[in-house]
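As given, the protein sequences belong to chains A and B, one line each in that order.
The UniProt record's numbering puts the last residue of the first sequence at 1007; the count rises by one with no breaks.
The UniProt record's numbering puts the last residue of the second sequence at 1007; the count rises by one with no breaks.
Number of protein chains: 2
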Amino acid sequence: LFLKHTGGLPQPGLLFQIFSPPLVSPAAERLRYILGDDDEPPNPTLFTEMDTLQHDGEEMEWKESARWIKFEEKVEEGGERWSKPHVSTLSLHSLFELRTCLQTGTVLLDLDGYSLPQIIDDVIEKQIEDGLLKPELREKISYVLLRKHRHQTKKPIHRSLADIGKSVSSNTSECLGSNSYPVASLSHAQSRSMNDISDTPSTDQLKNKFIKKIPKDAEASNVLVGEVEFLEKPFVAFVRLLQATMLGGVTEVPVPTRFLFILLGPAGKAKSYNEIGRAIATLMVDDLFSDVAYKARDREDLIAGIDEFLDEVIVLPPGEWDPNIRIEPPKKVPSAEKRKSVFSLNEVGQMNGTAGGAGAGSGGGGSDDGEMFCGGLYLDIKRKLPWFPSDFYEGFHIQSISAILFIYLGCITNAITFGGLLGDATDNYQGVMESFLGTAMAGSMFCLFAGQPLIILSSTGPILIFEKLLFDFSKGNGIDYMEFRLWIGLHSALQCLILVATDASFIIKYITRFTEEGFSTLISFIFIYDAIKKMIGAFKYYPINSDFKPDYVTMYKCECVAPDPAGELIQGTVAPREWCMLPWSEFWGNTALDWTQLSKKECLKYGGSLVGKSCKFVPDLALMSFILFFGTYSMTLTLKKFKFSRYFPTKLRKLISDFSIFMSILMFVGLDVLFGLNTPKLQVPTDFKPTRVDRGWFVFPFGKNPWWVYLASALPALLVTILIFMDQQITAVIVNRKEHKLRKAAGYHLDLFWVGILMAVCSFMGLPWYVAATVISIAHIDSLKMETETSAPGEQPQFLGVREQRVTGIIVFVLTGISVFLAPILKYIPMPVLYGVFLYMGVASLNGIQFWDRCKLFLMPAKHQPDYVFLRHVPLRRIHLFTLVQIVCLAVLWILKSTVAAIIFPVMILALILVRRLLDFVFSQHDLAWIDNIIPEKEKKKEDDKKKKKKGNKGDSSSDEEPKPVSTFTASTHFLPQFPVPSVIKIPMEPLPPAPQNGGPHCLSRK
Amino acid sequence: LFLKHTGGLPQPGLLFQIFSPPLVSPAAERLRYILGDDDEPPNPTLFTEMDTLQHDGEEMEWKESARWIKFEEKVEEGGERWSKPHVSTLSLHSLFELRTCLQTGTVLLDLDGYSLPQIIDDVIEKQIEDGLLKPELREKISYVLLRKHRHQTKKPIHRSLADIGKSVSSNTSECLGSNSYPVASLSHAQSRSMNDISDTPSTDQLKNKFIKKIPKDAEASNVLVGEVEFLEKPFVAFVRLLQATMLGGVTEVPVPTRFLFILLGPAGKAKSYNEIGRAIATLMVDDLFSDVAYKARDREDLIAGIDEFLDEVIVLPPGEWDPNIRIEPPKKVPSAEKRKSVFSLNEVGQMNGTAGGAGAGSGGGGSDDGEMFCGGLYLDIKRKLPWFPSDFYEGFHIQSISAILFIYLGCITNAITFGGLLGDATDNYQGVMESFLGTAMAGSMFCLFAGQPLIILSSTGPILIFEKLLFDFSKGNGIDYMEFRLWIGLHSALQCLILVATDASFIIKYITRFTEEGFSTLISFIFIYDAIKKMIGAFKYYPINSDFKPDYVTMYKCECVAPDPAGELIQGTVAPREWCMLPWSEFWGNTALDWTQLSKKECLKYGGSLVGKSCKFVPDLALMSFILFFGTYSMTLTLKKFKFSRYFPTKLRKLISDFSIFMSILMFVGLDVLFGLNTPKLQVPTDFKPTRVDRGWFVFPFGKNPWWVYLASALPALLVTILIFMDQQITAVIVNRKEHKLRKAAGYHLDLFWVGILMAVCSFMGLPWYVAATVISIAHIDSLKMETETSAPGEQPQFLGVREQRVTGIIVFVLTGISVFLAPILKYIPMPVLYGVFLYMGVASLNGIQFWDRCKLFLMPAKHQPDYVFLRHVPLRRIHLFTLVQIVCLAVLWILKSTVAAIIFPVMILALILVRRLLDFVFSQHDLAWIDNIIPEKEKKKEDDKKKKKKGNKGDSSSDEEPKPVSTFTASTHFLPQFPVPSVIKIPMEPLPPAPQNGGPHCLSRK
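Next comes the structure, spelled out in structure tokens:
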């Protein structure tokens, strides 16, 4: 047991020593000294390669056995491949052994070496000098260290040839590299000038694609371990070069070497050496230790570095974890900043400042809430203007194409749907054509100039209902609809501008997660409901003849029968009698109607009636529609998930995932074409003219209505304004969520300004009014999400933010505008496919909504519930209560929406905010902070820290928060003032914990 | 840093000491002494509960903060719930601190305590005696330790009431339990007689359902940590009671307490105390340490136990792992046997023996290969007979019901399909009725008496082809088919019996993974192919009229037109002229055929012709069939996976998963009924009589064919025998795979014996021949898999084996037999639904086939490939080569199967074995051992160990296997002979590694 070797058992009584206020250990003092200076540029990233010595009779070579950028990759001996990157699991042994190695071996810091032979010469010289090595071994050591290095990339040539003809008893051929030496036998006596190492990078090195994974300025650290027969005691050396130098073929990639660790030992303990090699390699890629290694002044600094490492190490009990399991790299690794900051020379105040800065940095520099309450339009413009050029050049990316296709299809489907409905509601005063034109114009203007170009404008349900009521009212009271509408629009636009001028957007302060998620869930449900309703509609529109018996196909027919004044027609007979009376020639040549040749519509038009069993039914279309609808939805869902599958290279998978909607649409349009069934297709207008011939493209404001209508229209306008304002601002809040990590901030006032302006324009042109569409905007954001291209193997891609630009939006709406010319292509798209896309949009926008996650909790037994942060801090019954309140609110809204009361829908959303305010009296602020907080979960921890800290400082001495973990950093900033010398290195039994354990926001234990 | 406290820096030169042969440390000696005796009964499982002291002003209480059975469950303070079970991550600190605690504190072993007050008295007495505690603190300590214990199960009542009306500024209400003390204020001076602890278990304890998770004989260890104001140095005590005693409400559940660890310390370091508490709790649930704790003679034994624990600990570097991540319990935890065995007193040879035994034990006591090569029928019977009763009573389980339903549906579908095809092929000499009767009889006999009742008999494709060829041959050559067939069957049955008698089943030795997986993949493909082919058939059988235009419904009709001798009929006209000439009354009253009223079939029968656009088409049925087919398949797949979802309690999920097929079938039968479409339905014969009227239920062997036919039929019989033998034995090998962990062993000879007997019987009765059906048998096994009911929270369910019994099989076939009476129910099941089940069966049986996994590797980039064991040991290109050979073989077999050459199909499977033998010359034995080995992967490691060991002993001194990890245990057994004293405790730099790192089979480093 290593304890024996590190000095035996601790003395009794020590326990009490360590309870006294901590003294700074010499090791901590050392680290403080070398790491204290923050101003230096950061050290280069270290790439570590471990080579082990392979024997083959007399021959030896160094074979790469593992490498590290951040995580370990091991060479699978048999598989001749790299393992998956994994977390290095070490044994305590190897770390203690390494510590001993560094204490006893040769440590050469800032050696001025230019080539491997010279460096090795220097090391051996030093060893002999210190009496660690017998001079007669000089040549042998040197010979061994200068053997050739074989890297994993380089396949052993002799094997691939020998493989095929390998005999059954191939036991011996398993010896790697048995014939790979070109020179047959070299005696040990031959001098080191016979080294296998060249000074220039080999072609293998240069060809190695792995270099792409290594940062440009990286330096290498080489670990060489092996056993040799002639040594009796180990030969250990740690070398840091003054300048990073290319040491020929030592490293797999042409990266200059800065560090060299050599461990040669007597035969028989290769496994141990190997573990020590892994330990130093893991240390070298540790952020803090590599800093120490770069800055170490002597041996003791390095050992202090190891001690610090041991101090922070995480220990897994042997009975609960199988060390054979390779641990996958975590989603997020802890930054070394915390550990480093302990050794920083800066004072507490500054450190707090730094921490705050870092926090904001990691938050992605989101929108600063402060400004938008008080800044208004001017500030919005001032804030957005500098980004304007980048809004264009940042849009050019392959991802944008998929986003454009996706959103374009969403937009035209929406335009057609709402256009059709509006046309029905307003007797074609506003039809599909107006809808297209309005969408294109309003959308592109908004994307070009608004504060948040990621928002997509569209017609929405409440507006549709409003228009319908308005039209009926006008018609019933003899008021000219278009003129009346124009005035309402103008009033409403004015009211919007007043809201902009008065900075009324402050109300978004009250739009918490409760309101926001309630609203977006509602809109998602409407999407899903509508998609399914339309699908079910297909079954009504194309009724299926369920009584059809294939054998009795002769019984099914549908005939057009001429109106028969005599009424003597016998139903079910094949042909009316009269026709037969006519001679055949006359019958055909007759100018009279040939009733049998009439289509269903024509027949009814000319007053005929349809007789027969098959008249009511339309075969196949309903089922085909269902297949197209459901197929598009599920294929999109499957392809989206394909990103996480194991097949194909990452880039291809990402491409497939990005274009999933496009591919599904193509696939099912293809299927539809293949079957050739007459499914309902997307039909866009092909002529650029108003749907109604009696209206033009401009509505004249005066003349048709009495003067008081111009004023009275201010009242309905108020309703429209509330509707527009709520719809617009809630969607904007959702889009500007901190989770989306937007860099370019929001522009609530600017957005509303443009919505107002566009409203006026649309009113004048007699086009529908437009407002932010929640679901499509979320889909837009989702399709533009960026992730890091992983650099170090094993590192998880991090969500970087959204591609914030105006290009996709503008192109989408320009395309919408010219869709009139795209009709020949678009007419191939069946409507059920588009409803499938709608369903997908609705379902996808439910994802990531915490409310939805909380709803699912109802169905999960407590022990299976995911480890949501809020579950750790709020009792389940409180969470359920909160969710229930939301469900009730949604149900009420849904009922409202479905009735004529829909017109007061926007007012009800205001009521939602009120309900949320009332909840303040039911739930504690602590609970609400966790459940109903717009701050993303990661930052929550920080927030919580601060809160707890404040609370702690208030002198609340209740100890119930005690058992929670304390982050080292927070703890030190808090404890520092108590001691004259900052407690930089933690000492057992001290109140500063070594490492935070197992999650939860960090809180402070009381003094 | 703790190193300082454990004795400072190691002395220089130590490195060389530790390279010398290891000496046994005193700690190891101690462990050897106390753990050496293997004969004692195992110690009870320990349940550990950690309570922390909570202050609320003057009031104090002990609050449960975590518990352990195997893994840690923490109380989420805010969430008032248990966390998910997770691996305890400790810090090195806390472990070293704990070590110090045990060194300095009071350790009372085998204290004879009957109540908590008495135990505490004893502990305090001892502390005062040893001068560790000032006598004046006696009362205070005692008071603190006797405070009430509050467990997580008990909700604080005041909160739930106060919650609702909580005000906005609820900061203060966060203090837990502020008003929960019934007695308002107790001064410290009050004596320990005022304790809150009762001696009898409380109702809360008794009501706690958690007790179910704790093994019956478990004992508790209680950890109490807390900070108190009045102490200046910590009060530490470790108590082991002589007898486990119920200490009232101390433990959450009524489990008697055996161990007690108390740590009270000065205020301000609660976090540290907490971590120490977690460390001792984790140690107490460690298998080895708990043994040590039970057997420890003194303090030093405990410390030796901690040292051993530290020695085996797994270390994660702080830069690569975030300690806040809770680590999910691994699928399989390492057994403590390895660690324990090091300390066993037994000698090396015995230890090897033990290891072997353990290996076999973990293998689930599968079939012993040795016996079946030489034992034959007698041994099979002898082996199976003792299991016969259990084969029945073990069948009564809810799971059996789902298995029966699943397999029953598979069987009748198969019977109908093959029955129909056989009827076609043999002119109804063997039809659906014969198929049902034969399946029922052969299947139930086989399940009742065979060696492996999990095998399901069925008709198979090759036999169908054989019958077809035979019938055609007989017809062409004037031979009586039934009699000829009888003789072939009799010959074949005889040949089978000869094979049984000569123990010919030895050939299965050559059926390796290569053959086995090739065969079962082929059969799976045939299932999938057939299901899809039948589905596509529906589109041909029910053609879709893709030109149909709903508006022109009047144009579509199909009329029956009477044969028109004059030929003057004008196609496309509505009615032939002649009819019109007849007066209507006459037309109706006429006894002549009313052509318009005829069905399609009748029309064609009477020589009429069908005229019209809709004659060729059948609406809706094809698409509906597709929806039913695909819906059944995907719903089954989804429901199967539902077991792994988070919703609903585990039992319900398991039920849903088990009954997934049944539920999908119900669902889609319901859908079909709802639509009422005339989809093709399952039609079983309702009358018990041969399909052909001219045959009876017995075939007379003589009289119809010339005498030489009786002898000549031996030749075709040989082909049938090979076919039956291969089909039967390969399926048996697949069913008896070691992965299935069958306890009741195989019975290859007995199986074949019954197949032979049944063949003779079927031949006499003129029924089809039956042989093991691969896919259905695999489905049978899959539906009967057992898993452990998890006991300790966090432990993963382990696959236990298959419910081996005869009940399911027998019931399935009895049901098949009486299906004739079930026809009124079965007629509701549409065929497409059953094809969906077939597709599912085919796809499901591909899962877990290594060949299929290897095929998928072609599509995966190397870095995304799963961590299969064989990938670590065989180069990818060799694996790909092997897979390609298999693919080519399968392709050849597939082509053969599709042509008339299908009759030599069984011979080709023999060829597959030959190909595999040839591969021995292309691949090394090492590679083949990894890729083509019937030993399951887990055992492979062990096998590999042994192989490597042998190789190592042969004196192969190549060191290329060196860097691989060595298992501690294997290493010690190997190294032991070299040292006089077994090296039981590993010492740094020694060749024995502390713990195997990162997977791979363990191999030995050379001496």
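Positions of the beta carbon are idealized from the N, C-alpha and C atoms, including for glycine.
Going by DSSP, residue 67(B) is part of no alpha helix (DSSP H) but of the beta strand (DSSP E) stretching over 59-68. Interface annotation, residue 44(A): not in contact with chain B, CB-CB separation never under 7 Å. Look at residue 89(A): its C-beta is under 7 Å from a C-beta on chain B. Residue 707(A) counts as exposed, since fewer than 16 other C-beta atoms from the protein chains shown sit within 10 angstroms of its C-beta.
Contact with chain A is absent for residue 496(B), since none of that chain's Cβ atoms lies less than 7 Å from the residue's Cβ. Residue state for residue 391(A) is assigned as helix, using DSSP reduced to three classes.
Bounds of the beta strand (DSSP E) holding residue 244(B) are 235-245. Burial is judged here by how many other beta carbons sit within 10 angstroms of a residue's own beta carbon; residue 789(B) has fewer than 16 and is exposed.
Residue pairing by DSSP puts residue 107(A) in a beta bridge opposite 238(A). For residue 702(B), same chain residues with a beta-carbon under 7 Å away, outside a window of 5 residues either side, do not exist. Secondary structure at residue 667(A): helix, using DSSP grouped into helix, strand and coil. Residues of chain A with a Cβ closer than 7 Å to the Cβ of residue 282(B) are, in chain order, 317. The C-beta distance from residue 258(B) to residue 219(B) rounds to 4 Å, short enough to meet the 8 Å contact threshold. Looking at the backbone, the Cα of residue 34(A) and that of residue 237(A) are separated by about 22 Å. By the criterion of a C-beta distance shorter than 6 Å, residue 267(A) is surrounded in its chain by 227 and 229, once the five residues flanking it on both sides are discounted. Here residue 560(B) is not near residue 596(A), since their CB atoms are 7 Å or more apart.
Taking all protein chains in view, the Cβ of residue 41(A) is surrounded by fewer than 16 other Cβ atoms within 10 Å, so the residue is classified as exposed.
For residue 695(B), the three-state secondary structure derived from DSSP is coil.
Excluding sequence positions up to five before and after residue 124(A), its CB lies within less than 7 Å of the CB of 133, 138, 141 and 142, all in the same chain and listed in chain order. With a beta-carbon spacing of about 3 Å, residue 395(B) and residue 807(B) fall inside the 8 Å limit used to define contacts. Residue pairing from DSSP places residue 55(A) in a beta bridge opposite 60(A). Scanning chain B for C-beta atoms nearer than 9 Å to the C-beta of residue 679(A) yields nothing, as the closest lies near 10 Å away. Beta-bridge partners assigned by DSSP to residue 327(A): 87(A). Looking at the DSSP output, residue 314(B) shares a beta bridge with 91(A) and 316(A). Contacts between residue 262(B) and chain A, judged by CB atoms closer than 7 Å, are missing: the closest CB pair is about 14 Å apart. Counting only the Cα atoms, residue 743(A) lies some 13 Å from residue 385(A). Apart from sequence neighbours up to five positions away, the residues of its chain that approach residue 889(B) with a beta-carbon distance below 7 Å are 518, 912 and 915, ordered along the chain. Residue 769(B) carries a coil assignment under DSSP once its states are collapsed to helix, strand and coil.
Linking residue 759(B) to residue 44(B) through their CA atoms gives a straight-line distance of about 56 Å.
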